[in-house]
Amino acid sequence: MKALAAGKTEAVEARKIDLSHLHGAASRTNFFLTLIHGVAGMKLSDVSKVQVERSMPILGSEGGSGGHEALDAGSGDMDVEAEELSDDGDGNVPEGESDLDLVGNEVRGAILRGVSLLTSPEFQMLKKHFFLFGMEWTSEEVSEKGKIVQFEAAFENSQECSGFRYKVKGVIDRKKSGDGVEFLKTSRPCTEIENSHYMKLLEHASKEALASVEPSAATEASDDSGGGDEAGQGNSDVIHDAVAPEQEASEAADEGETPDEANKDD
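Each residue of the sequence shown is one higher than the last, beginning at 3 in our numbering.
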């Protein structure tokens with residue numbers, strides 16, 4: 003910022019990707035759904051990780067810290083981690099209460115890992131009570147020799163949705179197979195040039211996603227009753243801080259159905 007401001011008479015303002023002013027769960031979730039569909043020149047391939055936070059603070063809960071425990075996700079290819087709130091005495095589930103209600107009432111946040119997560123019953127269950135604050139996904143370049151790129155983005159402060167971090171985790175190349183071409187089963191690290199290119203695309207998509215959800219905030223405030231399309235939570239190790247000067251606004255989304263398929267794990 004100091005280097006950019008050198009020799010300029012006007013102040014250089016930072017543009018942050020921050021959702022702390024958007025308290026509605028739908029806006030926060032839609033930010034990520036717009037982001038993963040909005041990387042220029044790429045189409046969504048699969049979502050392999052979602053992090054969700056409970057939409058409303060729980061009475062009696064403390065801050066945002068807590069132990070992680072494993073939940074039975076009911077699916078062989080999915081791991082679920084959850085921050086458990088204080089138990090209510092004997093820990094018994096009230097008679098007639100379903101597993102869905104239990105998750106909605108007692109879990110503060112969760113991390114799902116697997117394949118085709120956006121269409122999974124576990125995610126559909128969680129989004130009724132939670133909002134998204136982090137995701138890992140793969141997108142395929144829309145070109146004849148396009149690669150599959152692995153992305154990650156999340157907010158460090160899950161409850162406030164501040165401290166945005168993002169990175170490009172890796173690239174999956176194509177290889178010749180008989181008369182055709184198929185993708186390799188493992189990813190590789192990006193080259194410096196690739197990382198710079200994909201990071202710019204991801205940063206631009208993040209700015210566009212933020213712009214797309216901000217106009218809906220006022221309308222959502224009067225309609226936020228805790229239900230609807232919500233989701234998001236977990237602890238993130240993503241590393242790139244999305245603070246960009248307006249002078250770089252030229253660097254380089256709209257939401258659609260998710261063709262969750264063909265994700266390649268690291």
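Just so it is clear, CB atoms sit at the ideal spot from N, CA and C, and this is done for glycine as well.
It should be emphasised that the depicted structure is a prediction, and the values quoted were computed from it without experimental measurement.
- Message: Taking the alpha-carbon of S57 as reference, which of N32, R17, L134 has the nearest alpha-carbon?
- Response: Residue L134 is the option with its Cα nearest to S57.
- What's the gap between the Cα of R115 and the Cα of A155? CA-CA distance, R115 to A155, rounds to 14 Å.
- I150 classed as buried or exposed, judged by whether at least 16 other C-beta atoms fall within 10 angstroms: Residue burial annotation: I150 is buried, with at least 16 other C-beta atoms found within 10 angstroms of its C-beta.
- Since M44 contacts S141 with CB under 8 Å, what's their CB separation in whole angstroms? Yes, they are in contact, since the Cβ atoms of M44 and S141 sit about 4 Å apart, within 8 Å.
- Item | Residue nearest to S145 in terms of C-alpha spacing, selected from D175, E108, E158 | Checked all of D175, E108, E158; the closest Cα to S145 is D175.
- Task: Per DSSP, which residues does D48 bridge with? Please list them.
- Result: Paired residue(s): T140.
- With a threshold of 16 other CB atoms inside 10 Å of the CB of K10, please say whether the residue is buried or exposed. The residue is exposed, with fewer than 16 neighbouring Cβ atoms inside 10 Å.
- Item | Beta-carbon proximity check, D190 vs V173, cutoff 7 Å | Correcting the residue type first, residue 190 is Arg in the shown sequence and not Asp. A Cβ-Cβ contact shorter than 7 Å links R190 with V173.
- Query: From this set, S164, E210, E12, which residue's C-alpha is nearest L21's C-alpha?
  - Reply: It is S164 whose Cα lies nearest to the Cα of L21.
- Sequence-distant residues of its chain with Cβ nearer than 6 Å to A7 (five each side left out): Within the same chain, A7 has close Cβ partners V14.
- Task: Please state if the CB of L24 and the CB of S208 are separated by a distance shorter than 7 Å.
- Result: In terms of Cβ geometry, S208 and L24 do not form a close pair [threshold 7 Å].
- Return the residue from the list L119, Q126, H131, A42 that minimises the CA-CA distance to V109. For V109, the nearest C-alpha among the options comes from H131.
- According to the neighbour-count rule (16 or more other Cβ atoms, all chains shown, within 10 Å of its Cβ), is S179 buried or exposed? By the 10 Å Cβ count, S179 comes out exposed.
- Message: I'd like the list of long-range same chain contacts for Y200, defined as Cβ closer than 6 Å, with 5 residues on each side in sequence excluded.
- Response: Correct list, in chain order: V151, V170.
- Message: For N159, list the residues DSSP reports as bridge partners.
- Response: N159 is bridged to S164.
- Message: Using C-beta distances below 6 Å, list every residue in its chain close to E216, excluding the 5 sequence neighbours before and after it, in chain order.
- Response: If we look at E216 and ignore the five residues flanking it on each side, it has no Cβ neighbours.
- Message: Give me, in chain order, the residues of the same chain whose beta-carbon lies closer than 6 Å to that of S214; leave out the 5 immediate sequence neighbours on both sides.
- Response: Excluding its 5 nearest sequence neighbours in each direction, S214 has C-beta neighbours in its own chain below 6 Å: T36, listed in chain order.
- Message: Per the DSSP calculation, V54 is bridged to which residue(s)?
- Response: In the DSSP output, where bridge partners are listed per residue, V54 has A112, L134.
- Message: Beta-carbon within less than 6 Å of I19's beta-carbon, same chain only, minus the 5 sequence neighbours each way: which residues are those?
- Response: Hits under 6 Å: F166, S208, L212, A244.
- Roughly how many angstroms lie between the CA atoms of W139 and F34, to the nearest whole one? If I take the Cα positions, the gap works out to 11 Å.
- Query: For T188, which of H206, K177, V41, E196 has the nearest alpha-carbon?
  - Reply: For T188, the closest C-alpha among the options H206, K177, V41, E196 is that of K177.
- Message: Within a Cβ cutoff of 8 Å, which residues of the same chain sit near E196, ignoring the five residues on either side of it in sequence?
- Response: The residues are V170, V173.
- Message: Among V52, F185, E194, V183, whose alpha-carbon lies nearest the alpha-carbon of T31?
- Response: Taking the Cα of T31 as reference, the smallest distance to any Cα among V52, F185, E194, V183 is reached at V52.
- Same chain, Cβ closer than 7 Å to N159, five either side skipped, listed in chain order: The answer, listed in chain order, is G165.
- Report buried or exposed for A5, applying the criterion of at least 16 other Cβ atoms within 10 angstroms of its Cβ. Around the beta carbon of A5, fewer than 16 other beta carbons lie within 10 angstroms, which makes this residue exposed.
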